[in-house]
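Q:
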Amino acid sequence: MSTDSLNYIRFWGVRGSYPAPFGSHMRVGGNTSCVELRVDNHLLICDGGSGIIPLGNSLMGQQEIKEVMVILTHYHWDHISGLPFFVPAFVPGWKVNIYGPGDSRQEIERRISGQMVDPYFPVEVETWLADIHYLGAKNNQLEYGPFKIEGFNVHHPGSTFGYRIQVHGKTIVYASDNELSFIDKSLENRKDELDPHEWQLNKAMQAEERDKSLEAIKNAHVFIHDAQYTPEDYAKKRGWGHSCYIDTATFAMDAQVKQLFLFHVDPNYNDNKIEGLHRDTVRLIHERNSSLECYIAREGFIIDIDKL
Ligand SMILES: [Zn+2]
Ligand SMILES: [Zn+2]
């Protein structure tokens with residue numbers, strides 16, 4: 019599809035944890051998290067996983083855009099490992115704005131530059147010749163061109179954001195890494211320690227927390243969310259900060275989202291397995307008579323924002 023006059027979302031990296039460039043994984047894609055939103059010639063990039071490398075290379079072939087805004091959910095490698103190879107950052111005349119969790123701009127800079135030091139990397143961020151801006155934000159709210167962006171906390175080790183992005187009257191929610199059942203599971207684990215009153219209190223808090231999380235994504239047109247595990251694998255990896263695809267689909271239905279994209283899929287799962295998970299999700303949606311549309315986030319897939 020030609021993207022010349024489109025306002026669009028494009029997936030450049032959809033894989034969780036580490037790149038998976040295997041022949042058995044190519045229909046879904048092997049690069050780690052990176053999603054491009056391009057509206058009115060403004061370019062917003064969610065995460066700098068290995069998918070940002072081909073995006074950067076493609077930007078070198080055009081003249082209209084010389085500035086980007088990169089918003090990071092957190093600083094685990096699969097979300098920043100492409101930044102040292104993001105060509106526009108090395109080219110004078112480009113401007114790269116970077117935002118992510120952190121108490122100050124200096125803190126964000128320190129977290130980014132920390133992966134480009136000896137003995138882990140041959141050159142430091144000083145070789146970035148573009149105009150690099152680390153941004154602070156009041157209440158985690160930012161505006162960039164037509165985009166209104168708001169970061170919210172999710173359940174993932176360390177401080178991690180999901181982002182609610184509003185543009186052209188559409189709402190896009192990006193939450194690459196988020197363990198939806200985190201509270202349920204930690205509460206279950208403590209069941210024996212709590213007396214009935216404490217149990218009820220905790221249950222009420224849990225319901226309130228779920229309502230709050232639902233509110234953040236309510237009626238989103240596009241919901242891009244962690245769907246890393248099968249229920250079997252999730253049972254082995256509770257507390258790792260990722261969701262089972264069934265929890266993700268249930269949450270999306272409860273929030274009355276229009277389109278769900280299963281994202282940050284496990285690098286151990288090949289195309290057949292992920293397509294199987296997708297079929298199972300569609301079956302669940304039909305069982306609930308929900309109007310939710312569900313897709314696999316595939317590398318290279320493009321969503322026309324104006325047609326949502
Ligand atoms: Zn991740
Ligand atoms: Zn992570």
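Just so we're aligned, residue 19 is where the sequence shown starts under our numbering, counting upward by one. Don't be surprised by glycine CBs; every beta carbon is placed ideally from N, CA and C. Computed from a prediction, not measured in an experiment: that's the story for all the values here.
1. So, helix, strand or coil for ALA38, using DSSP?
2. What's the gap between the Cα of THR299 and the Cα of ASP284?
3. Rounded to the nearest angstrom, what separates GLY120 and LEU160 at their Cα positions?
4. Say yes only if the C-beta of ASP65 is nearer than 6 angstroms to one or more non-hydrogen atoms of ligand 2, and no if none qualify.
5. According to DSSP, is ALA193 part of a helix, a strand, or is it coil?
6. Just to confirm, are ILE167 and ILE183 a CB contact at a threshold of 7 angstroms?
7. Could you name the residues of the same chain whose beta carbon sits closer than 7 angstroms to that of HIS174, not counting the 5 residues immediately before and after it, in chain order?
8. Helix or strand or just coil, what does DSSP make of THR299?
9. Mind checking whether the beta-carbon of ASP322 lies closer than 6 angstroms to any heavy atom of ligand 1?
10. With 16 other CB atoms within 10 Å as the buried threshold, where does PRO39 fall?
11. Have a look at ASP65 and LYS230 and give me their C-alpha separation to the nearest angstrom.
12. If you reduce the DSSP assignment to three classes, tell me which class GLU85 lands in.
13. Near LEU55, what residues of its chain come up, given a Cβ to Cβ distance below 6 angstroms and the 5 sequence neighbours on each side ignored?
14. Given 6 angstroms as the limit, tell me if HIS94 has its C-beta closer than that to any heavy atom belonging to ligand 2.
15. Excluding the 5 residues flanking PHE108 on each side, which residues of the same chain have their C-beta closer than 8 angstroms to its C-beta?
16. Taking the alpha carbon of TYR263 as the reference point, which residue from ALA245, MET271, LYS254, TRP95 has its own alpha carbon closest?
17. Take every Cβ of the region 137-144, pair it with every Cβ of the region 69-88, and state whether three or more of those distances are shorter than 8 angstroms.
A: Reading off the structure:
1. In the structure shown, ALA38 adopts coil according to DSSP, grouped into three states.
2. 16 angstroms
3. 14 angstroms
4. no
5. DSSP, read as helix, strand or coil, puts ALA193 in strand.
6. It is a contact, given that the beta carbons lie within the stated cut-off.
7. HIS92, ASP195, ASN196, GLU197, GLY259
8. helix
9. no
10. exposed
11. 24 angstroms
12. strand
13. Counting only Cβ-Cβ distances below 6 angstroms, and skipping sequence neighbours, we find ILE27, LEU62.
14. Yes, since a heavy atom of ligand 2 falls inside the 6 angstroms radius drawn around the Cβ of HIS94.
15. THR145, TRP146, LEU147, ALA148
16. Distances from the CA of TYR263 to each of ALA245, MET271, LYS254, TRP95 were compared; the closest alpha carbon is that of ALA245.
17. no
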